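Beneath this line is the structure, given in structure tokens, with notes to follow.
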Amino acid sequence: MKNIQRTLVLGCSLVALAGCGADEIVSPGTSGDIIINNPPPVPAPTPTPTPTQSAVTPAAGCPTINSTGGLTDAGTISGPTGEWRVCTLPATVNASDTLPYIPGLLYQLGGQVFVGSDQGFSSTNTAVTLTVEPGVIVFAQGSAALIVNRGNRLNANGTADRPIVWTSRDNIIGVANDNSQQQWGGVVLLGRARVSDCATGGVNLDATFSQNPTCQQNLEGAATTIPYGGANDADNSGSFTFNQIRFSGFELAPGNELQSLTTGGTGSGTTIANLQSFNSSDDGMEFFGGVVQMRNVAVIGASDDSLDVDTGARADLDTVLVVQRTTTGDSIIELDSPNSVGNPIAAFPKTRFQVNNFTFVERSSVSAQMVRARGGAGLSLTNGVMDKIDGTATFCFRIDEQETLDALIGINSVVCDGGTDRQARGDRSSGTNATTDAEVLAAVTAGTNVNLAFTITLTGAVINGTGENGVPAFAASGRSSFFQDRTFIGAVQNQAGLESTFRNWTCNSSILDFGSATGACTSLPVYS
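In case it helps, mature numbering (1 follows the signal peptide of the UniProt record, and there is no 0) puts the sequence shown at residues -18 to -1, 1 to 510.
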């Protein structure tokens, strides 16, 4: 959009200058005549050719990999960017392999593709590592997904100028638009860190896990039983940096869905950073158990919750942008701890979600709240801007149950435009554990520099204005050593901050235009 604006401004300037030279009025001389000189018309300039991008030509063939069956040459596929060679991955990557970047080549998931086989609850080895090079594009359709079994790793590390793109077949052939979704499954990382509720034996009821020492859970959204979880909170499922996941979230059955990124029991040894989720039909990202640490996250256009955290996940996210579509989207944060019969907050580990330096832009009127916490989960929000949609019944915060209020870690240096009556609400249900609107409002605003009746001054949808930049920042490193202390609230202090933090590794859309050189989310990046 910035380049388009520059072009329009430049074009208007040239028109204005051409108009100024049409007539020249000269001051009267001794003769008293007024002379009007009409110079000969300036020849029209030769039009500057519109830059064109060379059409992609297909690679000669598929590279050789070590896994059984190798890559299958599926012929070519054509779209607006040209013609591409398609190389289909085997159903299981059973040896350590690399998917190299090759001009004119796409990798395809023909179904649910597994990286390695499950190594079990108590394993300590790393069996298989799949490496994906910068600039690679992987596509799929239907219920196809990439699932990294516990005890294996995915090292998919793009760069700021050459992100890795995971997308749909419709995106390749050019029929996806800015409201498309649910066109394939997504990426799943599984590990051997602790989870709170178990596939058998109920939930963990004490911090020592004595009642269920081998608690593990099964992946939601999978056609077969795929377990995750273990006893190693430092487990390593690989490194996932500078990635885009587009048009994902295929529903296998009602309430049984995948999203752009799903983690299950991943440990703190896993690296996730610079990740964009675009138009997931379910949650933008969902974390089941484990320890999750992520930096530089953009969730754009999720159809359900943008960030969903449960099953004992302990997640810290630093520098987060969320922008909803106008047509769909539920809560921006849904935070939960699992229930057990007769005691809704007894599960261990307790779910805990902490977010620092974030900007949430709500555009959908579907949700009743921007942030919802329940089940005794712990919530910490620091240095945030919450741009709530106007004219709806949506609240900034909803916190259910007294136990969840008691578990509140703290809200500090957070603003939201909740007006006089849309700032906070309780669950409004009967029973001794019910919370009231007044109780939730008092708990949320007990922290420093919290204003839920704030006048938002964001520009460009997500860039701080004078109002946001006038709010004192909170030293978030006291909440988590993963957090960086900054002098501003929100994810983007100014235009330079948007460019340095999010530009180029993201894709652009009508929902949010980053000005990235990699182009529109509805197209494909093409590198020389």
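Glycine included, each C-beta is placed from N, C-alpha and C at the ideal position. In this text, all values refer to a predicted model and were calculated from it rather than measured experimentally.
- Annotated three-state conformation of D287 is coil, per DSSP.
- With respect to the 7 Å criterion, T54 and T39 are not classified as neighbours on the basis of their beta carbons.
- In the structure shown, the three-state DSSP call for V177 is coil.
- Between A280 and T488, the CB-CB gap stays under 7 Å.
- Annotated as proximal: G249 and A216, with beta-carbon spacing under 7 Å.
- Using a 10 angstroms sphere on the CB of P195, the tally of other CB atoms stays under 16, which defines it as exposed.
- DSSP lists no beta-bridge partner residue for F436.
- Nearest in C-alpha terms to T310, of all of I371, G86, N107, T439, is I371.
- One alpha carbon belongs to F224, the other to T414, and they sit about 47 Å apart.
- Under a 10 Å Cβ-count criterion, S491 is classified as buried, with 16 or more other Cβ atoms of the shown protein chains found around its own Cβ.
- Contact annotation: A425 and L387 have beta-carbon atoms nearer than 7 Å.
- Rounded to whole angstroms, the separation of the alpha carbons of R228 and G168 is 9 Å.
- In the DSSP annotation of this structure, the continuous segment of the beta strand (DSSP E) that includes N137 starts and ends at 135 to 139.
- Here DSSP, grouped into helix, strand and coil, assigns E344 to coil.
- Burial is judged here by how many other beta carbons sit within 10 angstroms of a residue's own beta carbon; Q466 has fewer than 16 and is exposed.
- Boundaries of the beta strand (DSSP E) around D300: 296 to 305.
- It is roughly 44 Å from the alpha-carbon of I391 to the alpha-carbon of A73.
- By the neighbour-count criterion, in which a residue is buried when 16 or more other Cβ atoms sit within 10 angstroms of its Cβ, I129 is buried.
- Contact between the region 137 to 152 and the region 95 to 103 is not established, with fewer than three Cβ pairs separated by less than 8 Å.
- Within the DSSP bridge table, the entry for F377 names Q351 as partners.
- Excluding residues up to 5 positions away in sequence, G408, R410 lie with their Cβ nearer than 8 Å to the Cβ of T418 in the same chain.
- Apart from the 5 residues on each side of it in sequence, G124 sits with its Cβ closer than 7 Å to the Cβ of W166, F232 in its chain, given in chain order.
- Inclusion of N278 and T50 in the CB contact set at 7 Å is not warranted, their separation being larger than that value.
- Proximity of the region 335 to 343 to the region 460 to 477 meets the contact definition, three or more beta-carbon pairs being nearer than 8 Å.
- Nearest to N48 by alpha-carbon distance, out of A56, A42, V68, D79, is D79.
- Judged by beta-carbon spacing, A56 lies within the 7 Å limit of V68, meaning their Cβ atoms are closer than that value.
- Each residue's CA atom was taken as its position, placing P331 and C180 some 12 Å apart.
- In this chain, the alpha helix (DSSP H) harbouring V426 covers 419 to 426.
- For A127, the enclosing beta strand (DSSP E) covers residues 127 to 130.
- Here DSSP, grouped into helix, strand and coil, assigns G366 to strand.
- Counting the other Cβ atoms within 10 Å of the Cβ of G183 gives fewer than 16, which makes it exposed.
- A Cβ-Cβ distance of about 10 Å is found for the pair S230 and M267, leaving them out of contact under the 8 Å criterion.
- Look at the beta carbons and you see the region 206 to 216 not touching the region 351 to 367: under three pairs across the two are nearer than 8 Å.
- The beta carbon of V114 sits closer than 6 Å to those of L81, A138, I146, all from its chain and outside the five residues before and after it, given in chain order.
- Between G117 and A416, the alpha-carbon positions lie close to 51 Å from each other.
- Taking V422 as reference, the option from R404, V291, Q336 with the minimal CA-CA separation is R404.
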